[in-house]
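**Q** Numbering (full-length UniProt numbering), first residue to last: 1 to 255.
All C-beta atoms in this analysis are idealised placements derived from N, C-alpha and C, irrespective of residue type, glycine included.
It should be emphasised that the depicted structure is a prediction, and the values quoted were computed from it without experimental measurement.
1. Let me know if residue 41 comes out buried or exposed under the rule of 16 or more other beta-carbons within 10 Å of its beta-carbon.
2. So, helix, strand or coil for residue 91, using DSSP?
3. Residue ranges of each beta strand (DSSP E) run of no fewer than 3 residues wholly in the region 25-68, ordered along the chain?
4. Hey, residue 18 and residue 194: beta-carbon distance below 8 Å or not?
5. With a cut-off of 8 Å on the beta carbons, I'd call residue 243 and residue 50 a contact; round off their distance for me.
6. Taking DSSP as the reference, what is the three-state secondary structure of residue 187?
7. Could you check where the alpha helix (DSSP H) with residue 133 kicks off and where it finishes?
8. Output the residue ranges of the beta strand (DSSP E) runs that lie fully inside the region 148-177 and measure 3 residues or longer, sorted by chain position.
9. Just reading off the alpha helix (DSSP H) that residue 14 is part of, what are its end residues?
10. Given a cut-off of 8 Å, decide if residue 122 and residue 150 are closer than it, judged by their beta-carbon atoms.
11. Residue 78 and residue 106 - do their beta-carbons sit closer together than 8 Å?
12. Whose CA, out of 197, 44 and 80, lies closest to the CA of residue 102?
13. Taking DSSP's pairing of strands, which residues face residue 79 in a bridge?
14. Based on the DSSP secondary-structure assignment, which residues constitute the bridge partners of residue 115?
15. Nearest CA to the CA of residue 88: which residue from 23, 133, 148 and 53?
16. Within its chain, find whatever has a CB closer than 8 Å to the CB of residue 198; leave out the 5 residues flanking it on each side and keep chain order.
17. I need the straight-line Cα distance from residue 171 to residue 125, nearest angstrom please.
18. With residue 249 as the anchor, note down where its beta strand (DSSP E) starts and where it stops.
19. Give the DSSP-derived three-state secondary structure of residue 210 in the structure shown.
20. How big is the Cα-Cα spacing for residue 34 and residue 48?
21. How many Å lie between residue 209 and residue 97 at the Cα?
22. If you measure between the beta carbons of residue 174 and residue 39, is that distance less than 8 Å?
Structure below.
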């Protein structure tokens, strides 16, 4: 059983979308849930989460890889690149060359490494346009994992994540239900028993075209345009955010 868990990445790993004021940075997320389940089996577990929202892959690797390795983890989770794929232009091959090297270093350290494919956004009009990029990213990830010996959590295959009820209002981040689903899949990949419950939804609400347009307009005003304005100003949602768990610490089990 792992004794030192280090989570690296961006908002996905930080836990954005799963709001909880009882947790650092005001968010919980799948990584905290995984740590809590691992700690139930291994009371001596120490957990650090260096992920920061808004980070591009180059920033994740430059700012988190060395500090993560210095903690001598025996289990590392790594996801990066989602923010790069949303940029107007991206060299996915070059991006994944850097990812490959980073994963190789983590594996060579002796740690078990868990990586992730991207989610299939086929049922969302905006993210459907990114399917090609995400598919290329995913194939690179699968090949790297196979060659390096990393574990893969295949979120592309998690059909439940296509349901918008798994997502926060910004449509960019998973909500509590979505983060729980990812935690379950990580624990399954590790072969660890857990007490997390998957959500089974009933039929989705049927919206008229007018209702759908109204929802999309409200989303654009509240979430999409602020994101675009930050990009135009060269700002990031993580510019003033610190890692939620910058050092290895014991895990507080939820009541």
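**A** According to the structure data:
1. Start at 1 with the first residue of the chain shown, and residue 41 comes out as number 41. Burial check for residue 41: the Cβ neighbour count within 10 Å stays below 16, so the residue is exposed.
2. In the chain shown, counting from the first residue as 1, residue 91 sits at position 91. Correct three-state label for residue 91: coil.
3. 46-49
4. For this step, residue 18 is matched to residue 18 along the chain shown. For this step, residue 194 is matched to residue 194 along the chain shown. Taking C-beta atoms as the reference points, residue 18 and residue 194 fail to come closer than 8 Å.
5. Residue mapping note: residue 243 aligns to position 243 of the chain shown, counting from 1. Residue mapping note: residue 50 aligns to position 50 of the chain shown, counting from 1. About 4 Å; that satisfies the 8 Å criterion.
6. Along the chain shown, read from residue 1 onward, the residue named residue 187 stands at position 187. In the structure shown, residue 187 sits in a helix (DSSP, three-state: H, G or I).
7. Here residue 133 refers to the residue found at position 133 of the chain shown. Its alpha helix (DSSP H) spans residues 131-148.
8. 151-153
9. Walking along the chain shown from the start, residue 14 turns up at place 14. Note, residue 14: alpha helix (DSSP H), 11-14.
10. Position 150 of the chain shown holds residue 150. Position 122 of the chain shown holds residue 122. Residue 122 sits away from residue 150, with the two beta carbons spaced by 8 Å or more.
11. Here residue 106 refers to the residue found at position 106 of the chain shown. Here residue 78 refers to the residue found at position 78 of the chain shown. In contact: residue 106 and residue 78 (Cβ atoms closer than 8 Å).
12. Residue mapping note: residue 102 aligns to position 102 of the chain shown, counting from 1. Considering only alpha carbons, the answer is 80.
13. For this step, residue 79 is matched to residue 79 along the chain shown. Paired residue(s): 9.
14. The count along the chain shown starts at 1 and reaches residue 115 at position 115. Bridge partners of residue 115: 78 and 152.
15. To locate residue 88, count along the chain shown from 1; it is residue 88. Considering only alpha carbons, the answer is 133.
16. Reading the chain shown from its first residue, position 198 is the one you call residue 198. Here the set comprises 160, 180, 181 and 184.
17. Taking the first residue of the chain shown as position 1, residue 171 is located at position 171. Taking the first residue of the chain shown as position 1, residue 125 is located at position 125. Going by the C-alpha atoms only, they are around 11 Å apart.
18. On the chain shown, position 249 is the one that residue 249 refers to. Its beta strand (DSSP E) spans residues 245-250.
19. As a first step, residue 210 is located in the chain shown; it is residue number 210 there, counting from the start. Judged by DSSP in its simplified three-state form, residue 210 adopts helix.
20. Against the chain shown, residue 34 aligns to sequence position 34. Against the chain shown, residue 48 aligns to sequence position 48. Rounded to the nearest angstrom, the two C-alpha atoms are 12 Å apart.
21. Counted from its first residue, the chain shown places residue 209 at position 209. Counted from its first residue, the chain shown places residue 97 at position 97. Near 43 Å, if we compare the C-alpha coordinates of residue 97 and residue 209.
22. For the purposes of this step, residue 174 is taken as the residue at position 174 of the chain shown. For the purposes of this step, residue 39 is taken as the residue at position 39 of the chain shown. It is not a contact, given that the beta carbons lie outside the stated cut-off.
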